[in-house]
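The structure appears below as structure tokens.
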Amino acid sequence: MAERAGEGGGGEVKFAVYALMLFGANLALAQYSTPAEGEYVISDGAWGTLQVQPRGKFSIETVGANAHICGLDGVIADGKGKIAKSACQLSFKAEGQDVRVATNGSDACRDFCGMRAWFEGLYRKPSPLCMRKSIDDAKKKFKKSYVAKDYAAALAVINPVATQCKPFLHWVESAWVLNDLALTQFKLGDRAACLHTLKDLAPDAAKSDAEITGSYPPSDSEVYLPVVRATRTNLKLCTKK
């Protein structure tokens, strides 16, 4: 009986190991799968979007340094993205509600990008407030309220975009939105809030145009300089007594 009991115990161990292996396989399938339909945003190093459409269709557009871009599309099946007539293959791994995109390392993956652009990385799922359409609608509503000098209404619209949506904005767009928020705070007489909003932009505002141009690639400095100049003006407004 002792031997039979021992054999039974070994069988239980084998079954437990098998169950664990099966669980691991199922977990892997859950991680590498077609993401839920919708919009995802990458903003670490590059900025861009992953759009997942019905039946696993996907498209990726990113912007890297000096306005270099990536653009590609294909179909996702079992967590693998295939691009027509290309050796480049993508993998889509769930990280909570976000998606990490990687490649098979093929040189063919470079065919879809400019020299300073890339698309691998973590694409985050924005809240409804920070979806592209919602941001564009909010900016239009803000402008309407600001022009009408309803600064309280303008603040209520732009503040959540500037703060909550910052991780989903291109860095230059984020700088513009922060300036919109700061100027609205100034109009409402809150100079301290204005200065606090612009504190992360202040170091660049303290530099000369030539220093900015020398610190950024040509295309980036071209689009960023107007923001820097606006920041200088708004900092002066909020500093004056």
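The numbering of the sequence shown is the working numbering, which starts it at 40 and goes up by one. All residues carry an ideal CB built from backbone N, CA and C; glycine is no exception. Model, not experiment: these values are computed from the prediction.
Comparing C-alpha positions only, which one of the options sits nearest to residue i?
i	options	result
G95	C109, E76, I81, V80	E76
A245	L227, V267, I174	V267
Q161	N105, E212, L129	Note on identity: in this sequence residue 161 is Leu, with Gln being the wrong assignment. That would be L129, whose Cα lies nearest to the Cα of L161.
G135	F181, W210, R163, E261	R163
V262	K179, L274, E212	E212
How would you label residue i, buried or exposed, when you count the other beta carbons within 10 angstroms and need 16 or more for buried?
i	result
A41	The pLDDT assigned to A41 is 37, lower than 50, so where the model puts this residue is not dependable, and the model offers no usable value.
N218	buried
K279	exposed
Q224	buried
S82	buried
P74	buried
V138	buried
D8	Outside the shown range of the chain (40 to 280) lies residue 8, about which nothing can therefore be said.
T272	exposed
W86	buried
V186	exposed
P257	exposed
A221	buried
W215	buried
W210	exposed
P165	buried
A11	Residue numbering for the chain in the displayed model covers 40 to 280; residue 11 lies beyond these limits and cannot be assessed.
A156	buried
Check whether the Cβ atoms of residue i and residue j lie closer than 8 Å to each other.
i	j	result
A191	L227	yes
A126	S98	no
L264	I251	yes
A133	Q90	no
G153	G103	yes
A283	S184	With the chain covering only 40 through 280, there is no way to say anything about residue 283.
Next item on the list: Specify whether the region 107-125 and the region 186-205 touch according to this definition: at least 3 beta carbon pairs, one from each stretch, less than 8 Å apart.
Entry: no
Check: Which runs of the alpha helix (DSSP H), 4 residues or longer, sit entirely within the region 194-264?
Finding: 210-226, 230-236, 241-244, 248-254
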